[in-house]
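By the count of full-length UniProt numbering, the sequence shown reaches residue 217 at its end, each step adding exactly one.
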Amino acid sequence: TGPKGDKAARNCKELLEQGDALSGWYTIQPQMGRRLTVFCDMETDGGGWLVFQRRQDGSVDFYRGWQSYKRGFGNHASEFWLGNDNIHFLTSTGKEMEGLDFNDSATFATYTSFKILSEQEKYALALGSFLDGNMGDSLSGHNKLPFSTMDKDNDNYENSCSILYKGAWWYGKCHSSNLNGLYLKGQHSTFANGINWSTGKGYHYSYKYVDMKIRPQ
């Protein structure tokens with residue numbers, strides 16, 4: 001049960017409906033016997049979002065290997081990746097929509113559905129259609145592609161996109177977005193190795209803030 005004696009919430013949207021209106025870290029129970037501590041955004045676009053990735057100050061190194069992305073890493077107070085096993089578990093029903101915010105919540109992109117497959121399926125991305133957002137669509141080109149890291153190259157490129165562009169992502173040949181790239185604080189002279197969203201500010205601008213989140217449809 002929750003802190004008020006409620007039935008434990010399965011997701012951030014249920015917490016919001018139970019009256020937890022403040023953004024912050026909460027324990028949810030997506031299934032009986034499985035609890036997870038997650039960050040809930042209760043403010044953006046009606047609230048009830050579960051944030052699985054956040055970049056905001058460069059304090060956490062996102063250029064990491066497969067096991068690190070599998071388990072998750074980071075700091076509750078700043079930047080984190082919730083972990084591919086957890087994200088797979090949370091999205092396996094296919095009934096989660098996705099939102100992305102950049103620099104502020106007025107700069108965004110949303111998708112009708114978002115899930116990542118199991119580790120056996122290389123955490124491949126299964127993305128619905130682009131729904132809305134003034135950032136344009138820089139993620140649909142990654143749909144159905146497996147996840148790659150610096151030490152596990154699953155891309156379609158002759159070299160490692162992850163090593164070349166200093167990130168971990170659903171790379172093909174190589175990317176139109178790179179939100180786990182280097183924290184480069186805005187304009188950068190290097191090509192496509194920052195927190196880039198190509199239909200936003202292109203391959204030479206690294207966003208200073210981004211979060212990736214899901215909410216039940």
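Note that beta-carbon positions come from the ideal geometry of N, C-alpha and C, so glycine has one too.
Within the same chain, Cβ atoms closer than 7 Å to the Cβ of Ser198 are found at Ser138, Ser176, Ser177, the five residues on either side in sequence being excluded. In this structure, DSSP gives Phe62 a state outside helix and strand, which the three-state scheme calls coil. The C-beta distance from Asn196 to Tyr205 rounds to 7 Å, short enough to meet the 8 Å contact threshold. Taking every protein chain shown into account, the CB of Met135 has 16 or more other CB atoms within 10 angstroms, so this residue is buried. For the set Ser162, Ala77, Gln53, His188, the Cα lying nearest the Cα of Asn86 is the one of Gln53.
Annotation for Thr110: the continuous beta strand (DSSP E) segment containing it runs 104-111. In this structure, DSSP gives Ser148 an extended state, which the three-state scheme calls strand. Here the C-alpha atom of Gln217 lies approximately 17 Å from the C-alpha atom of Gly133. His76 counts as exposed, since fewer than 16 other beta carbons sit within 10 angstroms of its beta carbon. Remark: fewer than three beta-carbon pairs, one from each stretch, lie closer than 8 Å, so the stretch 162-174 and the stretch 86-100 are not flagged as touching. Ile214 carries a strand assignment under DSSP once its states are collapsed to helix, strand and coil.
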